[in-house]
Structure formats: structure tokens, C-alpha cells
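S.K.: Below you will find the structure I want to go over with you.
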Amino acid sequence: MAQMEKKGGLLRKSSASKKPLKEKVVLMYDEIFTTEDPSKCNPRFWEELFLMKVNLEYLEGKLEALDGEELMKIKDNINCLFQHCIQALGEEHPIRVVNALQTLCALIRGVHQKNKSTSGFDIINMLVGFDKAELCMKNLMESLDSLLCAEGSESLKSLCLKLLLCLVTVTDNISQNTILEYVMINSIFEAILQILSSPLSRREHGYDAVVLLALLVNYRKYESVNPYIVKLSIVDDEATLNGMGLVIAQALSEYNRQYKDKEEEHQTGFFSALTNMVGSMFIADADEKISVQTNEAILLALYEAVHLNRNFITVLAQSHPEMGLMTTPTSPIPMTPVTPLGTTPPSSDVISSAELPLDADVQTSNLLITFLKYSSIVMQDTKDEHRLHSGKLCLIILTCIAEDQYANAFLHDDNMNFRVNLHRMPMRHRKKAADKNLPCRPLVCAVLDLMVEFIVTHMMKEFPMDLYVRCIQIVHKLLCYQKKCRVRLHYTWRELWSALINLLKFLMSNETVLLAKHNIFTLALMVVNLFNMFITYGDTFLPTPSSYDELYYEIIRMHQNFDNLYSMVLRLSTNAGQWKEPASKVIHALVNIRAIINHFNPKIESYAAVNHISQLSEDQVLEVVRSNYDTLTLKLQDGLDQYERYSEQHKEAAFFKELVRSISINVRKNLAFNTLSQELLLKEFSTIS
Numbered sequence: 027m028a029q030m031e032k033k034g035g036l037l038r039k040s041s042a043s044k045k046p047l048k049e050k051v052v053l054m055y056d057e058i059f060t061t062e063d064p065s066k067c068n069p070r071f072w073e074e075l076f077l078m079k080v081n082l083e084y085l086e087g088k089l090e091a092l093d094g095e096e097l098m099k100i101k102d103n104i105n106c107l108f109q110h111c112i113q114a115l116g117e118e119h120p121i122r123v124v125n126a127l128q129t130l131c132a133l134i135r136g137v138h139q140k141n142k143s144t145s146g147f148d149i150i151n152m153l154v155g156f157d158k159a160e161l162c163m164k165n166l167m168e169s170l171d172s173l174l175c176a177e178g179s180e181s182l183k184s185l186c187l188k189l190l191l192c193l194v195t196v197t198d199n200i201s202q203n204t205i206l207e208y209v210m211i212n213s214i215f216e217a218i219l220q221i222l223s224s225p226l227s228r229r230e231h232g233y234d235a236v237v238l239l240a241l242l243v244n245y246r247k248y249e250s251v252n253p254y255i256v257k258l259s260i261v262d263d264e265a266t267l268n269g270m271g272l273v274i275a276q277a278l279s280e281y282n283r284q285y286k287d288k289e290e291e292h293q294t295g296f297f298s299a300l301t302n303m304v305g306s307m308f309i310a311d312a313d314e315k316i317s318v319q320t321n322e323a324i325l326l327a328l329y330e331a332v333h334l335n336r337n338f339i340t341v342l343a344q345s346h347p348e349m350g351l352m353t354t355p356t357s358p359i360p361m362t363p364v365t366p367l368g369t370t371p372p373s374s375d376v377i378s379s380a381e382l383p384l385d386a387d388v389q390t391s392n393l394l395i396t397f398l399k400y401s402s403i404v405m406q407d408t409k410d411e412h413r414l415h416s417g418k419l420c421l422i423i424l425t426c427i428a429e430d431q432y433a434n435a436f437l438h439d440d441n442m443n444f445r446v447n448l449h450r451m452p453m454r455h456r457k458k459a460a461d462k463n464l465p466c467r468p469l470v471c472a473v474l475d476l477m478v479e480f481i482v483t484h485m486m487k488e489f490p491m492d493l494y495v496r497c498i499q500i501v502h503k504l505l506c507y508q509k510k511c512r513v514r515l516h517y518t519w520r521e522l523w524s525a526l527i528n529l530l531k532f533l534m535s536n537e538t539v540l541l542a543k544h545n546i547f548t549l550a551l552m553v554v555n556l557f558n559m560f561i562t563y564g565d566t567f568l569p570t571p572s573s574y575d576e577l578y579y580e581i582i583r584m585h586q587n588f589d590n591l592y593s594m595v596l597r598l599s600t601n602a603g604q605w606k607e608p609a610s611k612v613i614h615a616l617v618n619i620r621a622i623i624n625h626f627n628p629k630i631e632s633y634a635a636v637n638h639i640s641q642l643s644e645d646q647v648l649e650v651v652r653s654n655y656d657t658l659t660l661k662l663q664d665g666l667d668q669y670e671r672y673s674e675q676h677k678e679a680a681f682f683k684e685l686v687r688s689i690s691i692n693v694r695k696n697l698a699f700n701t702l703s704q705e706l707l708l709k710e711f712s713t714i715s
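Numbering follows the working numbering, in which position 635 of the sequence shown is assigned residue number 661; successive positions increment by one, without gaps.
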């Protein structure tokens with residue numbers, strides 16, 4: 027018997043030259059695409075259709091091939107197909123339900139592709155008809171809710187979530203997708219929470235559920251009351267919040283693992299050997315090739331959870347084994363589409379205490395540590411637009427954390443010490459730190475390390491001013507908490523001071539280039555005021571009196587930079603140009619730093635002259651500082667420990683609109699509905715006669 031080949035819905039005998047035969051489902055689709063009611067000649071038409079294996083490609087292609095006028099002619103049949111799909115979702119036979127779900131996906135995508143230029147209301151009319159829209163969409167959402175909450179097939183739940191993701195992402199700008207009004211009215215929020223709170227469902231569907239929730243929260247969030255925002259903000263169920271945290275942690279951990287694997291592969295390659303031979307002059311270029319696609323969707327979910335729900339803050343600190351070091355439990359791997367690195371849904375659940383007992387020999391971790399490691403990778407290279415967006419979102423999340431009282435309490439908790447191995451950008455003038463030498467410290471030290479690392483590594487021509495401002499703000503907010511609660515943090519403050527002084531030096535060296543694009547005085551003022559915080563309140567939060575002495579030593583040692591900054595702002599403040607006012611503010615802020623320099627420098631020179639020493643050691647300078655505090659006069663500066671709280675709607679709306687648009691496009695691109703073959707489904711639903 028001649029073998030059969032299948033292509034585009036056609037069945038063709040490979041050896042014959044006869045007219046190709048169409049498979050039955052394609053013939054049935056063709057009947058729908060006429061102006062006649064297909065059930066007239068065959069009363070069992072719709073019943074039979076949902077027993078046929080769906081041909082997604084043919085159905086979507088057929089819809090896209092029609093022009094608007096032709097589509098309007100068959101509107102009644104399209105409406106009829108949509109309604110029968112919804113009816114089929116209530117069938118007992120799972121095969122029919124699966125075929126109905128896949129058909130709905132093809133219908134929604136096909137009609138939207140065809141009508142990109144038309145309004146959402148036309149799309150609703152084309153799919154269901156205005157007169158039946160409310161009832162049909164209510165029935166659809168209720169059926170999906172029932173399928174997601176039932177104890178039945180995981181394959182059906184997977185397709186339900188994919189249909190919902192399809193529904194949400196058919197338009198680039200989800201706020202223009204008016205079909206989502208029905209998803210707002212007929213909420214599936216509780217169904218999503220149920221998936222996240224159940225270990226089995228979470229393992230199979232957690233990733234899609236979390237991404238779906240993040241997108242729904244962003245539907246017209248500034249224009250109307252979004253019920254998903256309201257409901258997410260008041261969730262207090264521990265299992266649900268932990269479940270959400272685990273899904274996010276697993277996805278970020280997977281990204282970190284992929285990056286580490288690529289880094290190791292890169293280091294052991296030929297190029298690495300070559301650079302070792304000729305020196306490290308090419309190391310930065312080599313590192314740029316280590317690229318793993320960022321996962322903004324999961325990062326957006328983390329942001330919404332941290333920003334909207336105060337109870338979620340506790341999840342950040344929940345301890346679990348280090349994900350990269352543990353063996354994951356054996357479990358069925360859900361059928362997922364092949365997606366770019368960093369966006370693939372995790373294949374198995376992490377941390378359920380029943381599944382993964384803590385091992386005393388395994389380093390414990392938590393969501394915050396995983397997130398800090400992720401941030402340290404994506405913030406390395408901000409030249410790429412996706413990484414720039416990811417880096418900005420990481421800093422926004424850290425801003426929300428730095429403002430939260432409870433988050434600060436566990437960040438600064440001496441009883442919660444961790445080794446946090448942040449990724450550091452390879453640089454010519456420094457050696458790579460050995461991972462094993464990392465000390466166990468409170469988590470705030472890792473946050474400060476990340477900020478210092480960013481400050482040191484991004485002084486470049488394409489200066490990321492916005493990220494620098496956010497970075498300095500995070501440090502300031504942490505210092506405000508330490509001052510308020512008198513937390514004496516044992517941290518290497520000198521590294522921060524040195525980084526801040528070098529940043530000022532960079533701003534001055536590149537004054538002309540930077541001023542053409544940025545108001546560098548805003549950043550300079552913030553940096554100077556960080557020093558003012560240490561000078562004015564350092565005795566309440568620096569770990570020891572000698573730390574305060576070291577602060578003065580650094581200011582005196584690097585006095586030339588502060589002198590140069592003063593000269594620059596004095597020059598610009600005396601001109602009548604646009605920088606007069608911002609430069610004047612920096613002059614005012616420098617008053618105490620200049621008082622310290624002008625007070626101690628003559629004393630140090632006098633000490634050197636009396637003792638006939640050409641160059642004083644650090645200890646000798648510190649001795650001069652300690653013995654001359656009593657004659658130093660400083661001015662009390664107001665508002666150093668005050669800050670403006672983060673506000674999304676007023677300042678970040680444009681950023682989030684663009685970010686959600688990018689995520690919507692990416693999710694739509696990576697959705698696959700035909701990952702479940704008919705054979706697998708028949709095997710799963712073997713009870714069907």
C-alpha cells in the first residue's frame with residue numbers, strides 16, 4: 027500500500043499523481059468557511075468536528091487568508107463555531123474538550139491577526155457577536171475556571187492556561203484588548219491561586235499561572251479598578267504566597283544555572299586559552315558573548331508581588347536548599363514548547379519540605395538571594411535593551427524592598443547570615459574573587475555589594491544615569507533604616523566610599539559629554555549627601571568609632587576630588603546658564619566635607635613638618651584626626667534621612683507599559699498549542715471508549 031504524506035491538511039499518495047485528498051477535519055473547516063450553515067446537511071456536524079484532531083495551521087491560515095469583507099460574510103459560522111467550542115468545554119469526553127480548547131486558540135489568534143487594525147469591539151463581534159458576547163464569555167470563563175480547579179487531567183489544565191495566555195497576549199498592548207474586560211468581570215484569580223498552592227499543579231503549571239497573573243494585573247492598571255490588583259494585594263494564605271515564590275525562585279535559579287554553565291563553557295574554550303596567553307586585554311569583549319536571554323515576565327511577577335502584597339515580603343526570606351546544589355524530585359515533565367534560554371518554564375517544582383528536606387551540608391538559600399544573583403548577571407551588561415529593562419526592573423524591586431520595614435528587619439538580622447556569590451564583571455585591574463572565601467553575613471551586605479559592583483563597573487560613554495540614580499537611592503534608603511533603628515552593620519564601608527568618590531571623579535572627567543545628555547548635578551548631589559549622612563549620623567550606625575575615623579581618612583585622602591568638584595560647581599553656579607541652580611545645591615551640600623578637609627589638612631601638614639615626615643602613614647593620619655575632632659565645627663543639615671517613596675503610577679507608567687508590551691509579544695511568540703499529540707492524549711484518556 028502506497029505510503030501517505032500529510033502536508034497543510036492534504037493527504038497525498040506519495041507514488042500517485044492523482045488529485046490530493048483533504049483530511050476530514052479540513053473538509054469540515056472548508057464547510058465553516060462558506061456562507062451556508064454546515065449543520066443543515068449534517069445535524070451531527072458540530073458533534074463530529076470536536077472528535078477530529080485539530081489542524082491549527084490550516085484553520086489559522088484560512089482565517090488569515092480572508093479579507094475583512096469575506097470574513098464578515100462568514101461571521102455567523104465563526105460565531106457558531108466559537109459558541110460550539112464553549113459548549114464542548116462542558117463535555118465529558120476529554121478529547122472533545124482538548125479539541126475545543128485548541129480550536130478556540132486558533133480562532134482567537136486567526137481573527138486577531140486578520141483584524142490588527144480594527145478595534146477590539148469588532149473582534150468581539152466577529153468571534154461571538156455583540157448580542158451573545160456577555161453570556162458566551164461568562165460561560166467560557168466559568169468552564170475554564172472549572173477545568174483549572176478540577177482534579178482531572180493536567181493536560182487539560184495546561185491547555186486552559188495556554189488559551190488564557192493566548193487571549194491575554196493577542197494584542198501587543200494588552201490594555202487595548204477589550205476581550206479582557208470579560209476576564210476582569212469573570213475572575214479566574216482563585217483558580218490561579220489554587221494552582222500555586224498545590225505542589226502537583228504548581229510543578230506542572232506554576233510558570234504559566236504566574237506569568238498569566240502578572241499580565242492580568244497590568245490590564246488598564248492606571249485607568250480603572252483592576253480586580254486582580256485588588257485581590258493580589260490582600261492574599262495572605264501562606265501556602266499560596268510560598269508557592270508563587272517557589273515558581274519565581276525556580277525560574278530565576280534556572281537562568282542563573284544556564285548563565286553559569288555558559289560561563290564555564292566559555293572559560294574552558296579556546297578563546298579563554300588564547301586570552302590567557304596574550305594577557306587579559308580582551309576579557310571584557312570575551313565576556314560579552316556570554317548571553318542568556320533575560321526573563322522579564324517572571325521578574326514582572328516578582329515585582330507585582332513585592333509591590334502590591336506586603337505579606338509576600340516574608341516569602342523573600344523563606345529558607346530552602348541552594349537550588350543549583352540539590353537533586354530535584356522525579357516527576358512528570360510537562361509538555362512545553364521550545365523557548366529561548368531563560369524563558370523556559372521550569373520542569374519540576376523546588377522546595378516542598380516533604381519533597382526536599384534541608385541538608386545540614388547544603389548551603390541554604392532563599393528567593394532574595396536567587397534574585398540578587400540574577401540581578402548581578404543582568405546588570406552587568408546594560409547595552410542590550412532587554413538587559414537594560416531587566417536591570418532597571420531589578421533596581422525597582424530592590425527599591426521597594428529597601429523601603430519596607432519588615433524587609434529591612436530581615437535584611438539586617440544578624441541571625442540570618444548567608445554566603446551570597448554575586449557575579450562580578452571581569453575587569454583588567456582586579457582579580458576574580460574566590461567563591462569559597464565568601465563570608466556569611468546579613469543579607470543587606472549582599473545588596474550593598476551589588477550596588478557597589480554596579481557603581482564601579484558602569485562608568486562608560488553610554489552612561490546609564492537612570493540606573494545610577496536608582497542605585498544611590500537604594501543605598502540611601504538602607505542607610506536611613508540603619509540610622510533610624512541604630513543598626514551597626516559590620517560592612518566594608520570603605521569599598522562603598524571609594525566607589526562613590528570614583529563616581530564623582532568620572533562625572534567631572536566627562537563633564538562636557540555627560541552634560542549634553544544628563545543633569546549630572548542631581549547624581550553628584552545624591553552622592554555628596556550620602557557622605558553627609560555618614561558624617562552627620564555615622565556615629566549612630568557605623569560599627570565602631572574607628573570606622574568613623576576611616577571615613578574622615580578617606581575624605582582627606584581623596585580631598586582633591588572634592589576640591590575639583592567644588593571648583594566645577596562654583597564655575598557653573600556663577601554663570602547664568604541652565605545648570606546654575608542644580609550646581610548651587612551641590613555647593614551647599616559640600617559645606618561639611620570642605621570643612622573637614624580645610625580643618626584637618628593644615629593639622630596633618632603641621633604634624634608632618636614637626637615630626638620631619640615627608641609622607642604620613644594611615645595610622646599617623648588617623649592619630650591626627652582623632653586628636654582634632656574637638657575643634658572641628660560642622661553645620662547641621664536638614665532632611666538627610668528623608669526620602670521620597672517609590673510611586674509607580676506617577677513616574678514609571680511609561681516604562682511598565684513598554685515592558686508589558688515586550689513581554690506580551692514574547693509570550694505570544696513562544697506559545698505552542700499542539701505540543702500534546704493525539705496519541706499522548708488518547709493514552710492519557712484511555713477510559714474513553
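Heads up, the beta-carbon is just placed ideally off N, CA and C, and yes, glycines get one too. As the structure is a computational prediction, the values presented were derived from the model and not from experiment.
Starting from the Cα of Lys613, find the closest Cα among Ser599, Lys409, Glu429 and Lys677 and give me that residue.
M.R.: First, the amino acid is wrong: residue 613 is Ile here, not Lys. If we check each option's Cα against that of Ile613, Ser599 comes out closest.
S.K.: On a Cα-Cα basis, can you pick out the residue from Glu168, Gly178 and Lys188 that is closest to Met210?
M.R.: When only C-alpha atoms are compared, the closest one is Glu168.
S.K.: Cβ atoms of Thr396 and Ala275: under 8 Å apart, would you say?
M.R.: Yes, these two residues count as a Cβ contact at 8 Å.
S.K.: Counting C-beta neighbours from all protein chains within 10 Å, is the total for Lys655 16 or more, i.e. buried, or is it exposed?
M.R.: Inspection of the sequence shows that residue 655 is occupied by Tyr rather than by Lys. By the neighbour-count rule (16 or more Cβ atoms within 10 Å), Tyr655 is not buried but exposed.
S.K.: Going by beta carbon distance, what residues of the same chain come within less than 6 Å of Thr129, once the five residues before and after it are set aside?
M.R.: Within the same chain, Thr129 has close Cβ partners Val80 and Cys111.
S.K.: Does the beta-carbon of Phe156 have 16 or more other beta-carbons within 10 angstroms, so that it is buried, or is it exposed?
M.R.: It is exposed - the Cβ of Phe156 has fewer than 16 other Cβ atoms within 10 Å.
S.K.: Using CA atoms only, rank isn't needed, just tell me which of Ser402, Met584 and Tyr669 is closest to His502.
M.R.: Nearest option by C-alpha distance: Tyr669.
S.K.: Is it right to say Ser673 is buried, meaning 16 or more other beta carbons lie within 10 angstroms of its own, or is it exposed?
M.R.: Label assigned to Ser673: exposed.
S.K.: Which residue or residues does DSSP assign as beta-bridge partners of Pro468?
M.R.: Paired residues: Asn443.
S.K.: Kindly indicate the opening and closing residues of the alpha helix (DSSP H) around Val636.
M.R.: Run containing Val636: Val617 to Val636, per the alpha helix (DSSP H) assignment.
S.K.: Anyone know if the C-beta pair for Ile500 and Thr425 falls short of 8 Å?
M.R.: Yes, the Cβ-Cβ distance between Ile500 and Thr425 is below 8 Å.
S.K.: Is DSSP giving Lys611 helix, strand or coil here?
M.R.: Note: Lys611 maps to helix in three-state DSSP.
S.K.: From the DSSP output, in three-state form, read off Val154 for me.
M.R.: If DSSP states are grouped into helix, strand and coil, Val154 belongs with coil.
S.K.: Would you say Leu189 reaches chain B, if we count a Cβ-Cβ gap shorter than 8 Å as a contact?
M.R.: Here there is only one protein chain, and chain B is not present.
S.K.: Does the stretch 527 to 534 come within contact of the stretch 579 to 593, defined as at least 3 CB pairs closer than 8 Å?
M.R.: Judged by Cβ distances under 8 Å, the stretch 527 to 534 makes contact with the stretch 579 to 593, as three or more pairs qualify.
S.K.: Which class does Asp311 belong to by DSSP, given the choice of helix, strand or coil?
M.R.: Because Asp311 carries a pLDDT of 42, less than 50, the predicted location of this residue cannot be relied on, and the following value inherits that uncertainty. Helix, per DSSP.
S.K.: State the Cα-Cα distance for the pair Val332 and Ile339, rounded to the nearest angstrom.
M.R.: Answer to the nearest angstrom: the Cα atoms are 6 Å apart.
S.K.: For the stretch 549 to 568 against the stretch 646 to 666, do three or more pairs of beta-carbon atoms, one drawn from each stretch, fall closer than 8 Å, so that the two count as touching?
M.R.: Yes, the stretch 549 to 568 is in contact with the stretch 646 to 666.
S.K.: Does the Cβ of Gln675 have 16 or more other Cβ atoms within 10 Å, making it buried, or fewer, making it exposed?
M.R.: So Gln675 ends up on the exposed side.
S.K.: When DSSP labels each residue in this structure, what does Trp72 get in the three-state scheme?
M.R.: Residue state, collapsed to three classes: helix.
S.K.: Return helix, strand or coil for Asp263, following the three-state DSSP convention.
M.R.: If DSSP states are grouped into helix, strand and coil, Asp263 belongs with coil.
S.K.: So Leu421 and Leu493 are in contact, right, with Cβ under 8 Å, and what is the actual spacing, rounded?
M.R.: Confirmed, Cβ separation roughly 6 Å.
S.K.: Give the C-beta separation of Ile100 and Phe59 to the nearest angstrom, bearing in mind that I take them to be a contact with Cβ-Cβ under 8 Å.
M.R.: That belief holds up - the Cβ atoms of Ile100 and Phe59 are roughly 6 Å apart, short of 8 Å.
S.K.: Classify Thr600 as helix, strand or coil using the three-state DSSP reduction.
M.R.: Reduced to three states, the DSSP call for Thr600 is coil.
S.K.: Pull up the CB-CB distance for Cys186 and Leu239, whole angstroms please, since I reckon it's below 8 Å.
M.R.: Not quite, the Cβ-Cβ distance comes to about 14 Å (not below 8 Å), so this is no contact.
S.K.: Would you identify the three-state DSSP class for Pro490, choosing helix, strand or coil?
M.R.: Here Pro490 sits in coil by DSSP.
S.K.: For the alpha helix (DSSP H) containing Ala331, list its first residue and its last residue.
M.R.: Residues Glu322 to Leu334.
S.K.: Would you mind stating whether Leu658 and Ile622 have Cβ atoms separated by less than 8 Å?
M.R.: Against a cut-off of 8 Å, the Cβ pair of Ile622 and Leu658 comes out as a contact.
S.K.: Is it a yes or a no for the stretch 67 to 79 touching the stretch 50 to 59, going by three-plus beta-carbon pairs under 8 Å?
M.R.: A contact exists between the stretch 67 to 79 and the stretch 50 to 59.
S.K.: Where does Val251 land, buried or exposed, given buried means 16+ other C-beta within 10 angstroms?
M.R.: With fewer than 16 other Cβ atoms within 10 Å, it is exposed.
S.K.: In whole angstroms, what is the alpha-carbon distance linking Asn680 and Lys50?
M.R.: Residue identity check: residue 680 is Ala in the sequence provided, not Asn. Taking the straight line joining both Cα atoms gives about 49 Å.
S.K.: Would you mind stating whether Ala435 and Leu504 have Cβ atoms separated by less than 8 Å?
M.R.: Going by C-beta atoms, Ala435 is not nearer than 8 Å to Leu504.
S.K.: Kindly list the residues whose CB is nearer than 7 Å to the CB of Met405, restricted to its own chain and excluding five residues on each side of it in sequence; keep chain order.
M.R.: Taken in chain order, the residues that qualify are Gly417, Cys420 and Phe480.
S.K.: Whose C-beta lies closer than 7 Å to the C-beta of Ser573 among residues of the same chain, with five residues either side of it excluded?
M.R.: Cβ neighbours of Ser573 beyond the five flanking positions: Trp519.
S.K.: Taking the C-alpha atoms as reference points, what is the distance between Val636 and Pro628?
M.R.: Going from the Cα of Val636 to the Cα of Pro628 covers about 12 Å.
S.K.: Are the CB atoms of Pro569 and Arg652 within a distance shorter than 8 Å?
M.R.: No. Outside cutoff.
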